[in-house]
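First comes the structure, then the notes that go with it.
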Amino acid sequence: MRVIDVHTHAFPDAVAEKAIPFLENEADVKAYTDGTIGSLLASMDRAGIETSVVCSIATKVSQFGPILEWSKTIASPSIVPLASIHPEDPDMSARAAEVKAAGLKGVKLHPYYQNFIFNDPRMFPLYRALIEHDLILLCHTGFDIAYPRDRIVDPEKIAAVMERFPHLRLITSHTGAWEDWDEVRKHLLGKEVFMETSYTLGILPDNDVVSILQTHPSDYLLFGTDCPWDDQKRALDHFLSLPIEDEIKEKMLFTNAKRLLGL
Ligand SMILES: [Zn+2]
Numbered sequence: 003m004r005v006i007d008v009h010t011h012a013f014p015d016a017v018a019e020k021a022i023p024f025l026e027n028e029a030d031v032k033a034y035t036d037g038t039i040g041s042l043l044a045s046m047d048r049a050g051i052e053t054s055v056v057c058s059i060a061t062k063v064s065q066f067g068p069i070l071e072w073s074k075t076i077a078s079p080s081i082v083p084l085a086s087i088h089p090e091d092p093d094m095s096a097r098a099a100e101v102k103a104a105g106l107k108g109v110k111l112h113p114y115y116q117n118f119i120f121n122d123p124r125m126f127p128l129y130r131a132l133i134e135h136d137l138i139l140l141c142h143t144g145f146d147i148a149y150p151r152d153r154i155v156d157p158e159k160i161a162a163v164m165e166r167f168p169h170l171r172l173i174t175s176h177t178g179a180w181e182d183w184d185e186v187r188k189h190l191l192g193k194e195v196f197m198e199t200s201y202t203l204g205i206l207p208d209n210d211v212v213s214i215l216q217t218h219p220s221d222y223l224l225f226g227t228d229c230p231w232d233d234q235k236r237a238l239d240h241f242l243s244l245p246i247e248d249e250i251k252e253k254m255l256f257t258n259a260k261r262l263l264g265l
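Written out as structure tokens, the structure reads:
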């Protein structure tokens with residue numbers, strides 16, 4: 003069985019040392035790796051995961067460059083890094099072109115950490131540029147464990163953006179929208195929008211996970227863990243235990259991600 007985890011985090015070694023304790027404290031969660039690429043690779047070996055998509059988040063405009071440079075150094079058959087563009091960057095479209103030129107597959111955005119509203123028209127030039135350069139957008143969607151429950155990236159807003167930009171290759175995280183799964187059913191289920199499972203298995207009851215996954219088009223489902231915020235092996239074992247057809251599991255674990263990422 004081949005497995006791609008489309009949602010993980012890691013940091014440059016010197017950053018990881020500070021970032022992990024800081025983030026653990028912010029969200030009151032425990033990390034399952036030390037935040038380095040080495041520790042992620044060890045976790046992948048333990049779990050039997052052959053490729054991880056590594057998401058970075060630019061919390062300032064100036065972090066675009068350093069994240070891009072680091073991403074280029076970690077890219078390998080095992081590690082697929084996503085860049086990150088800050089919404090206050092005066093030229094988000096040019097940054098998207100740089101991401102493409104660097105050979106990366108796409109970008110990660112996080113509306114809470116980057117302080118933007120998903121359907122704000124000021125983001126549209128970026129969405130347009132991502133489409134133009136054939137880049138993936140993996141966005142944190144739904145509420146965030148470390149923030150107040152402001153509706154800045156909820157299923158209704160996601161659906162509005164997808165209606166306006168049907169060619170945007172958006173991956174929603176946390177099975178559509180974290181802890182807003184009734185709204186996921188209302189606005190996203192059955193539509194051509196990717197969903198990955200990170201930080202959902204063990205939080206949303208299995209019955210609900212299964213009913214969402216079995217209702218959504220199976221070509222648009224992906225497996226993700228949010229490692230280090232969940233344990234990759236635990237999440238994979240949990241996923242494999244779900245009563246879903248093997249054919250859907252195989253698509254979610256490997257085939258869909260391989261196609262989407264062009265691996
Ligand atoms: Zn994450």
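Numbering of the sequence shown is given in my numbering, commencing with residue 3 and proceeding in unit increments.
Glycine included, each C-beta is placed from N, C-alpha and C at the ideal position.
| What do you reckon, is the C-beta of VAL7 under 8 Å from a heavy atom of ligand 1? | On the sequence shown, position 5 is the one that residue 7 refers to. The question names Val, but residue 7 is Asp in the sequence shown. No, Cβ of ASP7 sits at least 8 Å from all heavy atoms of ligand 1.
Which residues does DSSP list as the beta-bridge partners of ASP7?
Against the sequence shown, residue 7 aligns to sequence position 5. Under DSSP, ASP7 shares a beta bridge with SER54.
Taking only runs that begin and end inside the region 106 to 179, name each unbroken beta strand (DSSP E) of 3 or more residues, in chain order. Along the length of the region 106 to 179, whole beta strand (DSSP E) runs at least 3 residues long occupy 108 to 111, 138 to 141, 171 to 174, reported in chain order.
Open item on the list: Can you tell me whether GLY11 is buried or exposed? The criterion is at least 16 other CB atoms within 10 Å of its CB, across all chains shown.
Closed with: Taking the sequence shown and counting its residues from 1, the one referred to as residue 11 is at position 9. The sequence shown places His at residue 11, rather than the Gly named in the question. The Cβ neighbour count for HIS11, taken over all protein chains shown within 10 Å, is at least 16; the residue is labelled buried.
Worksheet item: Would you say SER54 and ILE6 are within 9 Å of each other, going by their C-beta atoms?
Response: Against the sequence shown, residue 54 aligns to sequence position 52. Against the sequence shown, residue 6 aligns to sequence position 4. For SER54 and ILE6, yes; Cβs fall inside 9 Å.
| task | Could you name the residues of the same chain whose beta carbon sits closer than 8 Å to that of HIS240, not counting the 5 residues immediately before and after it, in chain order? | result | Taking the sequence shown and counting its residues from 1, the one referred to as residue 240 is at position 238. Around HIS240: LEU203, GLY204.
Requested in this report: Would you identify the three-state DSSP class for PRO92, choosing helix, strand or coil?
Outcome: Within the sequence shown, residue 92 is the residue found at index 90, counting from 1. In the structure shown, PRO92 sits in coil (DSSP, three-state: anything other than H, G, I, E or B).
Three Cβ pairs or more, each shorter than 8 Å: is that satisfied between the region 116 to 134 and the region 144 to 160?
Note that the region 116 to 134 touches the region 144 to 160; at least 3 beta-carbon pairs, one per stretch, sit closer than 8 Å.
Notebook entry, point to check: Mind checking whether the beta-carbon of SER200 lies closer than 8 Å to any heavy atom of ligand 1?
Noted result: Indexing the sequence shown from 1 puts residue 200 at position 198. Answer for SER200: yes, Cβ within range of ligand 1.
Can you name, in chain order, every residue of its own chain whose Cβ lies under 7 Å from the Cβ of ASP233, other than the five neighbours on each side?
-> For the purposes of this step, residue 233 is taken as the residue at position 231 of the sequence shown. These residues qualify, in order along the chain: TYR34.
Checklist line | SER64, buried or exposed, once every other Cβ within 10 Å from all chains shown has been counted against 16 | finding: Residue numbering aside, residue 64 sits at position 62 when the sequence shown is read from its first letter. Residue environment: SER64 is assigned as exposed (fewer than 16 neighbouring CB atoms within 10 Å of its CB, all protein chains considered).
### Message
Considering only the alpha carbon of each residue, which of VAL109, THR75, GLU28, ALA49 lies closest to PHE66?
### Response
Numbered from 1 along the sequence shown, position 64 holds the residue referred to as residue 66. Among VAL109, THR75, GLU28, ALA49, the Cα nearest to that of PHE66 is on VAL109.
Quiz item: Taking Cβ positions, are GLY178 and LEU190 nearer each other than 9 Å?
Solution: The residue you call residue 178 lines up with position 176 of the sequence shown. The residue you call residue 190 lines up with position 188 of the sequence shown. With respect to LEU190, GLY178 sits close: the two C-beta atoms are nearer than 9 Å.
query = Comparing alpha-carbon positions, which option in ALA29, LEU84, SER78 lies nearest TRP231?
reply = The sequence position of residue 231 within the sequence shown is 229, counting from 1. Looking at the Cα atoms, ALA29 is the closest of the given residues.
Touch test, the region 43 to 53 against the region 100 to 114, Cβ-Cβ under 8 Å, three pairs minimum: With a cut-off of 8 Å, the region 100 to 114 and the region 43 to 53 do not count as touching, because too few Cβ pairs lie within range.
### Message
By DSSP's criteria, ALA85 is part of a beta bridge. Which residues make up the other side?
### Response
Here residue 85 is taken as the residue at index 83 of the sequence shown, counted from 1. Answer is VAL109, bridged to ALA85.
Review point. Under the three-state reduction of DSSP, which class applies to GLU198: helix, strand or coil?
Key: By one-based count along the sequence shown, residue 198 stands at place 196. In the structure shown, GLU198 sits in a strand (DSSP, three-state: E or B).
(Q) To the nearest angstrom, how far is the alpha carbon of ASP152 from that of ASN209? (A) Mapped onto the sequence shown, residue 152 falls at position 150. Mapped onto the sequence shown, residue 209 falls at position 207. In this structure, the CA atom of ASP152 is about 27 Å from the CA atom of ASN209.
| request: Flag TRP183 as yes when its Cβ comes closer than 8 Å to any non-hydrogen atom of ligand 1, and as no otherwise. | output: Your numbering for residue 183 matches position 181 in the sequence shown. Shortest gap from the CB of TRP183 to any heavy atom of ligand 1: 8 Å or more.
* Can TRP231 be considered in contact with ligand 1, in the sense that its beta carbon sits closer than 8 Å to one or more heavy atoms? -> Here the question's residue 231 lines up with position 229 in the sequence shown. Indeed, a heavy atom of ligand 1 lies less than 8 Å from the Cβ.
Original post:
For ligand 1, any of its heavy atoms closer than 8 Å to the Cβ of CYS141?
Top reply: Here residue 141 refers to the residue found at position 139 of the sequence shown. For ligand 1, not one heavy atom lies less than 8 Å from the Cβ of CYS141.
**Beta-carbon gap between GLU249 and SER220 smaller than 9 Å** = Taking the first residue of the sequence shown as 1, we reach residue 249 at position 247. Taking the first residue of the sequence shown as 1, we reach residue 220 at position 218. SER220 sits close to GLU249, with the two beta carbons spaced by under 9 Å.
Secondary structure at LEU244, three-state DSSP: helix, strand or coil? Looking up residue 244 in the sequence shown gives position 242. Reduced to three states, the DSSP call for LEU244 is coil.
Original post:
For ASP30, is the beta carbon positioned less than 8 Å from some heavy atom of ligand 1?
Top reply: Translated into the one-based positions of the sequence shown, residue 30 becomes position 28. No; taking the cut-off as 8 Å, the Cβ of ASP30 has no heavy atom of ligand 1 nearer than that.
Point to revise | Member of MET254, ILE160, GLU247, ALA161 whose CA lies at the smallest distance from the CA of GLU198 | key: Here the question's residue 198 lines up with position 196 in the sequence shown. Here the closest residue by C-alpha is MET254.
Give me, in chain order, the residues of the same chain whose beta-carbon lies closer than 7 Å to that of ASP269; leave out the 5 immediate sequence neighbours on both sides. Residue 269 is absent from the structure shown; the chain starts at 3 and stops at 265.
*Would you kindly work out how many angstroms separate the C-alpha atoms of SER200 and PHE225, rounded to a whole number?*
Residue numbering aside, residue 200 sits at position 198 when the sequence shown is read from its first letter. Residue numbering aside, residue 225 sits at position 223 when the sequence shown is read from its first letter. Annotation: SER200 to PHE225 spans about 7 Å, alpha carbon to alpha carbon.
Thinking just about the alpha-carbon of each residue, which of VAL212, LEU70, VAL163, SER73 is nearest to the one in ARG187?
-> The count along the sequence shown starts at 1 and reaches residue 187 at position 185. Looking at the Cα atoms, VAL212 is the closest of the given residues.
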